[in-house]
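J.: Residue numbers (the working numbering), protein chains in the order written: chain Z, 1 to 252; chain W, 1001 to 1252; chain B, 2001 to 2252; chain C, 3001 to 3252.
Heads up, the beta-carbon is just placed ideally off N, CA and C, and yes, glycines get one too.
There are 4 protein chains.
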Amino acid sequence: MILENDLVTIRYSDRVYIKRVKKGESLNVKSHILKYDDIIGKEEGILLNGFFVAKPTLEEIVKYGFKRETQIVYPKDAFYTAIKLDIPSCKRILEFGMGSAVMSAIILKTMKEDAILYTHEENQKAYDNAIKNLKTFGFLDDRLKATLANYNDAKYDEGFFDCAFIDTKEPWEYIDKLHKELKPGANVCFLVPTYNQVSKLLESLKDKFFVYEISEILLRKLKPNPDRLRPEDFMPAHTAILIFTRNINHSY
Amino acid sequence: MILENDLVTIRYSDRVYIKRVKKGESLNVKSHILKYDDIIGKEEGILLNGFFVAKPTLEEIVKYGFKRETQIVYPKDAFYTAIKLDIPSCKRILEFGMGSAVMSAIILKTMKEDAILYTHEENQKAYDNAIKNLKTFGFLDDRLKATLANYNDAKYDEGFFDCAFIDTKEPWEYIDKLHKELKPGANVCFLVPTYNQVSKLLESLKDKFFVYEISEILLRKLKPNPDRLRPEDFMPAHTAILIFTRNINHSY
Amino acid sequence: MILENDLVTIRYSDRVYIKRVKKGESLNVKSHILKYDDIIGKEEGILLNGFFVAKPTLEEIVKYGFKRETQIVYPKDAFYTAIKLDIPSCKRILEFGMGSAVMSAIILKTMKEDAILYTHEENQKAYDNAIKNLKTFGFLDDRLKATLANYNDAKYDEGFFDCAFIDTKEPWEYIDKLHKELKPGANVCFLVPTYNQVSKLLESLKDKFFVYEISEILLRKLKPNPDRLRPEDFMPAHTAILIFTRNINHSY
Amino acid sequence: MILENDLVTIRYSDRVYIKRVKKGESLNVKSHILKYDDIIGKEEGILLNGFFVAKPTLEEIVKYGFKRETQIVYPKDAFYTAIKLDIPSCKRILEFGMGSAVMSAIILKTMKEDAILYTHEENQKAYDNAIKNLKTFGFLDDRLKATLANYNDAKYDEGFFDCAFIDTKEPWEYIDKLHKELKPGANVCFLVPTYNQVSKLLESLKDKFFVYEISEILLRKLKPNPDRLRPEDFMPAHTAILIFTRNINHSY
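#1: Hey, quick one: how far does the alpha helix (DSSP H) through residue 2181 of chain B stretch, first residue to last?
#2: Can you find a CB in chain W that lies within less than 8 Å of the CB of residue 2196 of chain B?
#3: Is the Cβ-Cβ distance between residue 2076 of chain B and residue 2217 of chain B less than 8 Å?
#4: Which of the three DSSP states, helix, strand or coil, is assigned to residue 31 of chain Z?
#5: Among residues of its own chain, excluding the 5 on either side of residue 2148 of chain B, which ones have a beta-carbon nearer than 6 Å to its beta-carbon?
#6: Taking 8 Å as the threshold (C-beta atoms), are residue 1088 of chain W and residue 1110 of chain W in contact?
#7: How far does the beta strand (DSSP E) with residue 2096 of chain B in it extend, from its first residue to its last?
#8: Given this structure, state the Cα-to-Cα distance separating residue 3165 of chain C from residue 2187 of chain B, to the nearest angstrom.
#9: So residue 1162 of chain W is in the beta strand (DSSP E); what residue range does that whole segment cover?
#10: Going straight from the alpha carbon of residue 2044 of chain B to that of residue 2007 of chain B, what length do you get?
#11: Have a look at residue 3094 of chain C and residue 2117 of chain B and give me their C-alpha separation to the nearest angstrom.
#12: Using a Cβ-Cβ cutoff of 7 Å, what residues of the stretch 3198 to 3228 of chain C are near chain Z? List them in chain order.
#13: Give the DSSP bridge partners of residue 47 of chain Z, in chain order.
#14: So with Cβ pairs under 8 Å, would you call residue 1190 of chain W a contact of chain C?
#15: Taking Cβ positions, are residue 3196 of chain C and residue 3173 of chain C nearer each other than 8 Å?
#16: Note down, in chain order, every chain C residue with its Cβ under 7 Å from the Cβ of residue 2184 of chain B.
#17: Name, please, each residue of chain W whose Cβ falls closer than 8 Å to the Cβ of residue 66 of chain Z.
#18: Are there 16 or more other CB atoms within 10 angstroms of the CB of residue 1997 of chain B, so buried, or fewer, so exposed?
#19: Would you mind telling me which residues of chain C sit closer than 9 Å to residue 2020 of chain B, beta carbon to beta carbon, in chain order?
#20: Chain W partners of residue 157 of chain Z, CB-CB under 9 Å?
#21: Excluding the five sequence neighbours on either side, which residues of its own chain have a C-beta within less than 6 Å of the C-beta of residue 2046 of chain B, listed in chain order?
#22: State the Cα-Cα distance for the pair residue 1319 of chain W and residue 1016 of chain W, rounded to the nearest angstrom.
#23: For chain C, find out if any of its Cβ atoms is closer than 8 Å to the Cβ of residue 2082 of chain B; answer yes or no.
#24: So, under 8 Å CB-CB, residue 162 of chain Z and residue 91 of chain Z are touching, yes? Tell me the CB distance rounded to an integer number of Å.
#25: Taking CB distances under 8 Å as the criterion, tell me whether residue 1232 of chain W reaches chain C.
#26: Beta carbon of residue 201 of chain Z, beta carbon of residue 210 of chain Z: below 8 Å?
#27: Is residue 1249 of chain W helix, strand or coil when you go by DSSP?
#28: Could you tell me whether the Cβ atoms of residue 2010 of chain B and residue 2023 of chain B are closer together than 8 Å?
#29: Have a look at residue 103 of chain Z and residue 1247 of chain W and give me their C-alpha separation to the nearest angstrom.
#30: Looking at chain B, which residues of the stretch 3236 to 3252 of chain C have a Cβ within less than 9 Å of any of its Cβ atoms?
#31: Take the Cβ of residue 3084 of chain C as the centre, count every other Cβ of all protein chains shown within 10 Å, and call the residue buried at 16 or more, exposed below.
#32: For the alpha helix (DSSP H) containing residue 2130 of chain B, list its first residue and its last residue.
#33: Quick check: residue 3021 of chain C and residue 3002 of chain C, are their CB atoms within less than 8 Å of each other?
#34: Since residue 3193 of chain C meets chain W, which of its residues come closer than 7 Å, beta carbon to beta carbon?
#35: Leaving out five residues on either side along the sequence, give the residues of the same chain with a beta carbon under 8 Å from the beta carbon of residue 1113 of chain W.
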């Protein structure tokens, strides 16, 4: 049931909006009007005057609801990574940096009730925006420990973390610390945008992390026209390169 | 800690094995030997004689551990779909058919403790294999209700399901039933391998399901060589087309 | 040497212009000015105030010089097709329709001196634009026989053509005529934008044309930054599907 | 007409053969037999017992006929490059190295009657194989000047070449010489397999060559099944990166 003040996703043609519905208000797109009074009190999934209205999915929230201070982690990359890291099986999850908190939100949604996400963001503006995004859309809870700091300035016990997601400009600066503070065998994903970073990171990982996959994900969408089925005209050609590794045990 | 009878993933060069370690046994690859006695009792993440040994991730289990009676749902498609469907937010999840249970396993891992997965497989051989896969790798629990039947032969209340994953040859045969048994606004993913099926499915969805995305995912891997960085020589060109839809509310 | 009235390609950052240089004139991009007087009389390859100036390549002419009345054949598709059809070895080449004459221009440039291109365009406006494009950029010569007509309204001897490029909405309407007027074994490329057309075309080709390849070409560009090497952010996801076939000999 | 001793392309299911037909001989594939006596004296385009027989195209010759001493330039890359370099408009074309002569053959086929291809290969074995490939398939003529040497050991006049195709391991070793021996504005394509080489090459090109495109071409093929249309299961993920540049004029 869509109630007043609920968040909804409204789609009209190719456009997508995340809105909070208020009595008496409306959404106006190209002279087409959706009056919120017509949807309040109704079950979601409403198709009205070309508008489609439903409760937002996790993807819609992070993609269309979150404010962006930085380049975001794209859903195609974030979803793949979250399950590749086996987030539902991890108790202590490390993240650095938060960026706009897209990955934080997906981890919080995917991890178990008794898990903790330890996330770090050193940029004040990005941190404030990230926390605000999480708060606005209901992701803030006790399972999140967010620190306004560079990961190198935080301190954790040896073998503390079960897995990590590292999205920072110079990931090679953190390898020794990661190697120590992650459990042996822990799954770690590094996200970088350039090939130079991949090369430099690979050099720094030697003997400390076992690299088992380096991937780029291309998402090619089709237009939903049954009689003239074909891909969309354009697609993102590049978002990020994902480097998946596991922490090498040196204790024996 | 790797104990006797534990499952481990063993990687050697490009090869990946899921094995249960037993005292006195060993893995022999191209005249290189990994003696299990050397890893039992040690923390995971072991790099020994070119072998890397760790506890299997969810992906490794479904990809290398599961027996295949049918074409499997690929991790790249399954991971994207699981979070796109917002599985952690769903209480009653519908699946048809199970195939080799790859998607069932990922859903079971991603859904909450109080959720139920209602899955259906009409082929006896596939069903037996699917259940065996889930059992062997510890996915079977009370949250799974598996039925050896065509979904059309099962019966559920109106608006019963929160979301659905439909991987069957003729999905258009089930649209009316899906439309009725899913909640208004429920998120449904259809997986089909051919463009003809996409067209035929789109026709059948009209007025019942709102199509918001049709995607193909291409995963391009890089070779982990920092001095000669480049993609692998070959990649899968096609696994499946994913059609994401939401159930239209007709009750108002 | 760049002389007055010569065509040149001018690149500035991501922008590309085809211009005819005139004394006293200039190009103004974002308050940066290229005075043509500074380049007239100089050898091409000039880098001046961030502008790069050279004689246009074939690709630059068809891509940036040609006026478009219709969706054009993209260079990536046209170049592949021209050599796949072995245009330099063909004496009588059939084309239908001309569109904006991109493929006509590439065929004319690639074919030998004693070859003839027989091209057809039924739409008056497209035809006029196509001929004007060819004329403006110097492609018009005796080796081109252009007809303002549907190919079905033209008449040729049996086994007349060595190869054909067919870019029309309903290619299945022309299969019998193509089969008769092409030499046995002749190489034919059909270009269509949708998967439905591919299916319908394949049905119509049965027993008349041997299909040896159906391809989509994806061109992924990198940004020319040596320290931060990575692909561009966006790319065309779809232009056309190319169906390569050879005429089956039924005379024995 | 297929005559005795003619080269033909024979396709059977996914297999492709380049053969010289001799009376009394035959091709045997999986217990299916094509007797050459049945095709000699007939027009090409023959479909017989599941075999398709026609005269080889340029692509079939270089792909299936040429012997490979080295990694070859793939048709998808070679075709795009040949027209991008505007080979039909060039009089003096530089190539280094020859590899297996795939690109040499395509240039020879595409360039005009009065043009000359100056090609260089420093490896004796590769050179012998390249020349043999060209000879066997009829590409050898007066328009080819092949030199068994490193390009740095050859000597040409300033501004001698109209364009160049450079496929060598360390292309940055030749930039000064290329810059001098190519005409101002000349179009040059460099082909390299790794991202590290792209970065290093880009550094070396600064102020001498203007980089206007860096591309990777992905070719995705569809299976020719009209009722179950879909891409092939696998595709090449990587062959080469193409760097397109023009020689900067420094004479003013």
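T.: Well, looking at it:
#1: 2175 to 2181 is the extent of the alpha helix (DSSP H) around residue 2181 of chain B.
#2: Chain W contact via Cβ: present.
#3: Here residue 2076 of chain B is near residue 2217 of chain B, since their CB atoms are less than 8 Å apart.
#4: In this structure, residue 31 of chain Z counts as coil in the three-state DSSP scheme.
#5: The residues are 2127.
#6: In contact: residue 1110 of chain W and residue 1088 of chain W (Cβ atoms closer than 8 Å).
#7: Taken as a continuous stretch (DSSP letters only), the beta strand (DSSP E) holding residue 2096 of chain B covers 2092 to 2096.
#8: Answer to the nearest angstrom: the Cα atoms are 28 Å apart.
#9: Boundaries of the beta strand (DSSP E) around residue 1162 of chain W: 1161 to 1166.
#10: Taking the Cα positions, residue 2044 of chain B is about 11 Å away from residue 2007 of chain B.
#11: Cα to Cα, residue 3094 of chain C sits roughly 30 Å from residue 2117 of chain B.
#12: Listed by position, the residues of the stretch 3198 to 3228 of chain C near chain Z (Cβ gap below 7 Å) are 3199.
#13: Answer by DSSP bridge pairing, in chain order: Z/52.
#14: False, the Cβ-Cβ gap to chain C never drops below 8 Å.
#15: By the CB criterion at 8 Å, residue 3196 of chain C and residue 3173 of chain C fall outside the cutoff.
#16: Per Cβ cutoff of 7 Å: 3043, 3044 and 3045.
#17: Per Cβ cutoff of 8 Å: no residues; residue 66 of chain Z is ~15 Å from chain W at best.
#18: The first residue shown for chain B is 2001 and the last is 2252, placing residue 1997 of chain B beyond what the model contains.
#19: Residues of chain C passing the Cβ test: none, with the nearest at roughly 17 Å.
#20: Residues of chain W passing the Cβ test: none, with the nearest at roughly 15 Å.
#21: Annotation for residue 2046 of chain B: 2039 and 2053 place their beta carbon closer than 6 Å to its own, counting only its chain and skipping 5 residues before and after.
#22: Since the first residue shown for chain W is 1001 and the last is 1252, residue 1319 of chain W is missing from the structure and cannot be characterised.
#23: With 8 Å as the cut-off, residue 2082 of chain B counts as an interface residue toward chain C.
#24: Between residue 162 of chain Z and residue 91 of chain Z the beta-carbon gap is near 6 Å, inside 8 Å, which marks them as a contact.
#25: A Cβ of chain C is located within less than 8 Å of the beta carbon of residue 1232 of chain W.
#26: With respect to the 8 Å criterion, residue 201 of chain Z and residue 210 of chain Z are not classified as neighbours on the basis of their beta carbons.
#27: Residue 1249 of chain W falls in the coil class under three-state DSSP.
#28: No, the pair does not count as a contact, with Cβ atoms beyond the cut-off.
#29: Taking the straight line from one Cα to the other gives about 27 Å.
#30: If the cut-off is 9 Å between Cβ atoms, the stretch 3236 to 3252 of chain C has 3241, 3243, 3246, 3247, 3248, 3249, 3250, 3251 and 3252 near chain B.
#31: So residue 3084 of chain C counts as buried.
#32: The continuous alpha helix (DSSP H) containing residue 2130 of chain B extends over residues 2124 to 2136.
#33: Yes, Cβ-Cβ distance for residue 3021 of chain C and residue 3002 of chain C is below 8 Å.
#34: The answer, in chain order, is 1230.
#35: Same-chain partners within the cutoff: 1143.
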